[in-house]
Structures are given as structure tokens and as C-alpha cells.
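Going by the working numbering, the first residue of the sequence shown is number 943, and it counts up by one from there.
For glycine and all other residues, C-beta sits at the position ideal for the given N, C-alpha and C.
Values in this document were obtained by computation on a predicted structure and should not be read as measured data.
These notes concern the structure reproduced below.
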Amino acid sequence: MKKWIGLSIGFSFAAAFVCMTPAAAQAIGNWASPRNDMQHNGWQKAETIMTKENLSGKFKFLWKIQLGSAPGKDSAAYSEPLLVPRLINAKGFKDFVLWADGQNLYGVDSELGTTLWTKHFDTPPSPCGVSNLSAVAEAPIVINFRARRAAGAPPPRPQPPLRVSERRVGVSAGGGGFGLKGIYVLTSDGSLHEQVVATGADFAPPAKFLPGPTGASSGITLNGTTMFSATHSGCGNSENAVLALDMSSPDYPVAAYKTGSVAPLVAMGPTISDDVAYVVTGSGASSGDVHANSIVALGPDAKVKDWYEAAGALQNVTPAAFTQGDKKLLVAPGKDGSYVLLDTSSLGGADHKTSLASTPSVSEAKEGAIAALATWQDAGATWIAASVPGALNASAKFANSNGDASHGSIVAFKLEDNGGKMSLVPAWSSRDMVNPAPPVIANGMVIALSQGDSSSHAILYVLDAATGKELYSSGDAVKTYAHMAGVSVGDGHAFFVTHDNTLYSFGIGMEH
């Protein structure tokens, strides 16, 4: 055990020097949480390798690897690989792909497709069926290379690594000393763990987060030293609630926003913007601070700060937060299959029911479907995309259609601002896709996964972000379907996992 701890500390020293490089500062290939960041906008801003011009003949299937054994049934939890680049372990400099199944966390070499380490959590299976563990990585270290010390000022003194006895989950940014990178994992017994990314080793003893076995299939989101998650009634002994764990205190206090009979529709953890967590709620009776069919804003103390009431059923669609000029905005599900644009300074205005803009109803709710929104900016324009898990409604008229989409599709809207009045203009709809995963954006392209189903295999598509035109298709390269899967993108690669726990990599390979 002492030897293993020594190795992990030694790697932390090396990781410090890697993190101090310009490449690490630019966070090339970093994908710290589902949808890339805590704002859940699904936009890989650092992508430079993959371009529209070099897709043909270069972007292709690279490798696949089976992670553990294939489960007996499909997972009940949304899962998406996480990416942490430019770290070092016993095998040298590595870019890591991290993914968790029901009881294991895997670290995979993103270039070679080989397992670097596996961490097994000896916890009972989820009481809600097969349910992948929730995970989120620490944000990349940001370094100001233009900063200069005052003349004659001594350089800062490096801090020694923390002793094992001093370590605890979330003790400081970077996991403690010398750039040590951590990944947080929530297991089915309600415990929050922190692992060293380079080795998979335990950083500290786990902290109790959720009250009892819950299955925790609702994701986790990190906001500074506050970790958010959600629980649902009917899973073990849990109740409907959004919970916030304060990692800055050694007692790990947990605050709860209990929603009674109203379920929080949270698949990837709450969306975070400026220290506020945004949660979609399901149908039911509103009472006091419990708001049904709403977008609810919560502080780090899990208390309600504001809300927008949709006055109609909301789909399980994860909101995305972004900035437009001097405004902090949120695009979120609206009533009956529409989308709304909200100002985070006053979500629904004085009556809590007024949005900045809304779209027509795009599609009907599909039972069990998980969808998400993406936002990006290109040539001065702001765009919003959504995954639609069903046929488009007749009322949804898009300027550019890329064919019939009877099973599902990706749709895009352009944000227009006319003298302060904003609107979401339907721009394009994609080709047909079976159970489309949430879209991700990179370098003017939309990367979209048609997950397929038990009678059709998954297909990875790359679309032109301005028109929805198909630029690439993986065809028959994937032989089975994906389920509740997301795509992560970085450093010219796209990663996803199929229902049988096989991790796939497509992209532009590195020359060796």
C-alpha cells in the first residue's frame, strides 16, 4: 500500500509540470463532465485537428475496447466518456478516456485504446436495475502565462504533497498538491469517492452524500466545492430531491431541496451558471417552494432562488447555459415539446411565466427518452441544437430539411436579436436518426450519434453546423446499438459506449 501511495504522489509531481505546459492550459481535449462542462452546452471550443476540410479520408473508426463484461440488460443511467489530457503515469504521457459501468471506473489510453487501470468499487448493485456510476472530473488548471512577478519578488514556494492523513474528498482544487488531477464518482451506496486520474488510486476516504442506497442514476455536477445530485422516489428508499454536498467542510453537510411528489427531471446532473444550479421538474402539484413543470434555480444551499413555470408538461431535456453579450441566458425545455430562452437574472419575469423567446412544439414526449440542448457561436451568430427522440411535429417548420426524420433527428435554431427582442428561428433539421444522442459541437460541426435499438445498430454522423448536411457517416462500423449514451469530443477524436460496454473511438489518428 505504501508503495502504491508513493507512486501516486510521484505521478502528482510529474503531472504538475505537464499541467504547466501551454497545451494543458488550453485544455486540448478536456471533457470534464457530461456535455463537456457544468453549463452543459456540449461545445468543444478547443478542437483544431478535426475540420470540415480534412474529414474525408482521415476521420474514421480507430479502435474499440470491451470494458468489463456485457451487462444482462441496458443501463438505466445516462453515461458519457470523460476526457482528461496530458497527464503522466508509469507508462509515460497519456491522454485519458474515463468511463464507469455499474461498479467499475476505467482509465483508457485515448490514442491506443488500451486499459491503463481499473478501479472496482465494492458496493452493492443499484436497487433500480443496471445503472452506471455517475462521474465528473475536476476542471482543467488555468494558467496565466503573461503574468509577471513584481521586480525583486521571490518566486512562490512549491507546496509539498498532502500527507495521506490530511487528504479528504474535494480538499482543494487539483486534488491537493502539485497538479494532482481527481475524478469524482458517486456509487450506489450514496458515497462520493475521489480517484487520482493518473493511477485510479483512492485520493481520500469516501464521503457520505446521498441518504442510503439510491441507485443515483441522475448524474453529479461540481460547482466549486459544492457537488449536486438528484434522487427519485421508487428507487430504494429515496425520495424526490436535489441535494448539495459542501466539500469545503470536513463534516460534509448535505442540503436538500425536497420536491414531494414532483420528480426532478435530471439525467446529467443540474446545469450550473454563476454558482446557481438549474433543474427541470416534472408534473404534479406545486406547493410552497415546490414548482411542478418548471425550471428551478437553486443556490449552493439548495434553496430556491427563482423559477420559470412552463404551465405544461416538460420533457426530460437538460438545459444549457451560455452568454450572449452582457446577458446570461439559459435554453431549456418548454411546455409540450417546445424550447424556451430564459434570462438567468429573472427566469420567468415578475409572474415567473414569461420567457424571452420560445419555439413551436417540436416533438411529442417519448417515454424514457433522454435529450439535451447544445449551444455554440460561429461567425458572430449564436446557435442552439437539440436531440429530438421522435418524429417532428407538423407545426415545426425548419428553413432547411435534410430529409424525412420519422424516428428522430437533430434540430438547430439560430438566435436572433432585433432591437432587444430575441427569437429562436428554426434553421435546420437533420436526416433520420434512431434514438439520437444529445448533439455535441466542435469546429463548426455537429457530432451526432444515432444510437439505434435492438433491431438497428448505432451510427456516428458528423453534420455541418450551419446547414445540418451530412459530412460523415460511420455506416456499418458499429455492429450493435447504444443506450442512454453520450458522445465526447477532443483532440480530433469522438468517443461513445454501446449498450454492451464497448468503448468506441472515431477520429483522426495520431501518426506513430
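Option nearest GLN900 by Cα separation, candidates LEU1315, ALA1186, VAL1388, GLY1290: Look at the range of the chain in this structure, 943 to 1454, and you will see that residue 900 is not part of it.
Neighbourhood of ASP1016 by C-beta, 6 Å cutoff - its chain only, sequence neighbours within 5 removed: HIS1425, HIS1441
Coarse secondary structure for GLU1108, derived from DSSP in three states: helix
For ASP1442, the three-state DSSP class (helix, strand or coil): ASP1442: coil per DSSP, three-state reduction.
Residues near SER1329 in its chain [Cβ-Cβ closer than 7 Å; skip 5 each side]: ALA1313, ALA1314, ILE1352, PRO1378, ALA1379, PRO1380, PRO1381
Range covered by the beta strand (DSSP E) that runs through GLY1049: 1046-1051
6 Å Cβ shell around LEU1164 - same chain, five flanking residues per side excluded: Taking C-beta separations shorter than 6 Å and ignoring five residues to either side along the sequence, the partners of LEU1164 in its chain run VAL1078, following chain order.
Spatial distance of PRO1153 from GLY1202 (CA atoms): 16 Å
PHE1035, buried or exposed, once every other Cβ within 10 Å from all chains shown has been counted against 16: exposed
Backbone CA spacing between ALA1262 and ASN983 [nearest angstrom]: 5 Å
Beta-carbon separation (whole angstroms), ILE1007 vs LEU1445, contact threshold 8 Å: 5 Å
Nonlocal neighbours in the same chain, by C-beta distance under 7 Å from GLY1449, ignoring five residues either side: Excluding sequence neighbours, GLY1449 sits near MET992, PHE1001, LEU1004, GLY1434, HIS1435, ALA1436.
GLY1279 - DSSP class collapsed to helix/strand/coil: In the three-state reduction of the DSSP assignment, GLY1279 falls in the helix class, which pools H, G and I.
For PRO1027 and ILE1125, the rounded distance between their alpha carbons: 13 Å
Selected residue, minimal CA-CA separation from PHE1038, among LEU1024, GLY1044, GLN1045, PRO1275: LEU1024
Beta-carbon proximity list for VAL1111, same chain, < 8 Å, skipping 5 on both sides: Answer for VAL1111: TYR1126, LEU1134, HIS1135, GLU1136, PHE1145, ALA1146, PRO1147, PRO1148, ALA1149, MET1189, TYR1194, listed in chain order.
Complete runs of the beta strand (DSSP E) confined to the region 1325-1362 [at least 3 residues]: 1351-1360
Simplified DSSP state of LEU1391, which is helix, strand or coil: strand
For ALA1347, the nearest candidate out of ALA1093, SER1392, VAL1139, ALA1219 (CA to CA): SER1392
C-alpha gap between LYS1356 and PRO1368, whole angstroms: 7 Å
Proximity winner among SER1191, PHE1438, ASN1235, TYR1423, relative to SER1396 (alpha-carbon distances): TYR1423
Cutoff 6 Å; reference GLY1226; Cβ partners in own chain excluding five residues on either side: SER1203, VAL1204, ALA1234
Whole-angstrom C-beta distance between SER1236 and GLU1251, which should lie under 8 Å: 5 Å
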